[in-house]
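The next block holds one structure in the form of structure tokens; read it before the comments.
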Amino acid sequence: MSFSSRDFRDCLGQFATGVAVVTARANNGAKAGITINSFASVSLDPALVLFSVDQRAATHSLFAGECDRFCINILNREQRDLSDLFSSPVQDRWEDLVFEDDCHGVPKLTGNLATFSCKRHAIHDGGDHSIIVGHVQDISMGNTGDPLLYYGGRYHSLGE
Numbered sequence: 001m002s003f004s005s006r007d008f009r010d011c012l013g014q015f016a017t018g019v020a021v022v023t024a025r026a027n028n029g030a031k032a033g034i035t036i037n038s039f040a041s042v043s044l045d046p047a048l049v050l051f052s053v054d055q056r057a058a059t060h061s062l063f064a065g066e067c068d069r070f071c072i073n074i075l076n077r078e079q080r081d082l083s084d085l086f087s088s089p090v091q092d093r094w095e096d097l098v099f100e101d102d103c104h105g106v107p108k109l110t111g112n113l114a115t116f117s118c119k120r121h122a123i124h125d126g127g128d129h130s131i132i133v134g135h136v137q138d139i140s141m142g143n144t145g146d147p148l149l150y151y152g153g154r155y156h157s158l159g160e
């Protein structure tokens, strides 16, 4: 390999992405979530989406094991604080958050652009990440507005 991990990461940062928070509920009832920008559609029929999670992340064992249902919450530009919160080491992220449960009891954030309620369909090895494929069980359109974007290691919004 003729490039460093840092160079590779910087090069990947040239691709603008949306920002989402994946949420789930553990078997003991505890709520969990993680910020992602590795979200993609896979198939329309059946409705499949994917995201990846670092195998070193504290929530990896939940998303790749214990929790077979999760919600992918697409953030709007006013929700940067949620992205920061769910990417931080804060223990109780849910203390002051407004959320509701989907029809399967999975917490979903409110005020976001859209939510995909999913049942885990497959897990694939992706080097230092696990690729989680979800079968979309329900969708909801939320707030109108502009998406929160991530580019070049910083947050952005449309028109900047």
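Just so you know, we're using the UniProt record's numbering here: the sequence shown kicks off at 1 and counts up by one. The beta-carbon is built from N, C-alpha and C at its ideal position, and this holds for glycine as well. Computed from a predicted model, the values in this text were never measured in an experiment.
Original post:
Roughly how far, in whole angstroms, is the beta-carbon of residue 75 from the beta-carbon of residue 82, given that I think they are within contact range, below 8 Å?
Top reply: 6 Å
Original post:
Which two residues bound the contiguous beta strand (DSSP E) that contains residue 54?
Top reply: 48 to 54
Original post:
With 16 as the cutoff for other CB atoms within 10 Å, does residue 154 come out buried or exposed?
Top reply: exposed
**OP:** Taking residue 96 as the reference, give the member of 17, 110, 40 and 105 with the closest Cα.
**Re:** Considering only alpha carbons, the answer is 110.
**OP:** With a 10 Å radius around its C-beta and 16 neighbouring C-beta atoms as the bar for buried, classify residue 79 as buried or exposed.
**Re:** buried
Original post:
Of all the options 67, 146 and 30, which has the alpha carbon lying nearest to the alpha carbon of residue 92?
Top reply: 30
**OP:** In the DSSP assignment, find the alpha helix (DSSP H) that holds residue 86 and state where it starts and stops.
**Re:** 80 to 86
Subject >> residue 109 - containing beta strand (DSSP E), residue span >> reply: For residue 109, the enclosing beta strand (DSSP E) begins and ends at 107 to 109.
Original post:
Which residue or residues does DSSP assign as beta-bridge partners of residue 69?
Top reply: 119
Original post:
Shortest alpha-carbon distance to residue 14 belongs to which of 150, 159, 158 and 65?
Top reply: 150
Original post:
If you run the structure through DSSP and keep just helix, strand and coil, what is residue 102?
Top reply: coil
Original post:
Roughly how many angstroms lie between the CA atoms of residue 70 and residue 3, to the nearest whole one?
Top reply: 35 Å
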